[in-house]
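For the sequence shown, position 78 (counting from the first letter as 1) is numbered 78 according to the numbering used here, and the numbering increases by one without interruption.
All residues carry an ideal CB built from backbone N, CA and C; glycine is no exception.
Structure first, commentary second.
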Amino acid sequence: SVISGYTTIINKYAKHPNAAKLAREYIFSDAGQINLAKGNARPIRAESLTLPDDVKAQLLPNEQYAKAQPIKDAKAWEETSKRLPRQWQEAVIINMQ
Numbered sequence: 001s002v003i004s005g006y007t008t009i010i011n012k013y014a015k016h017p018n019a020a021k022l023a024r025e026y027i028f029s030d031a032g033q034i035n036l037a038k039g040n041a042r043p044i045r046a047e048s049l050t051l052p053d054d055v056k057a058q059l060l061p062n063e064q065y066a067k068a069q070p071i072k073d074a075k076a077w078e079e080t081s082k083r084l085p086r087q088w089q090e091a092v093i094i095n096m097q
C-alpha cells in the first residue's frame with residue numbers, strides 16, 4: 001500500500017481567488033474532512049478528527065495504514081496509477097450504496 005498527500009491549488013488567474021480560498025478552508029475543516037470520509041476517502045486529518053460512527057464504519061481503521069509507504073519511484077507510480085481509476089470503479093464504487 002502507498003500513501004500520498006492531498007493537494008489543493010488556487011490558480012493564479014482565478015476570477016474569484018477568495019472563493020477558492022474559502023473552498024480550501026472548508027476542505028480542511030472538520031465538516032469538509034467528514035464530507036470526504038462520507039465519500040470513502042480517508043481524511044488527511046483522520047488521526048485527529050472525530051468522525052461520526054456511521055462514517056467511521058465505512059473506512060478502514062487507522063491501524064490499517066501503519067505499513068503504508070510513501071511513493072518513492074515516480075515512474076513506476078505513473079504507470080501503475082493509470083490503472084487505478086478502473087480498478088477503483090470495479091472494486092470500490094460498485095460496492096457503494
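Between the region 62 to 78 and the region 88 to 96, the count of C-beta pairs closer than 8 Å stays below three; the two stretches do not touch.
A straight-line Cα-Cα distance of about 10 Å links I34 and R45. DSSP, reduced to helix, strand and coil, places I44 outside both helices and strands of the structure shown, so it counts as coil.
Exposure of P61 is indicated by the presence of fewer than 16 other C-beta atoms within 10 angstroms of its C-beta. Collapsing the DSSP output to three states places P17 in a helix.
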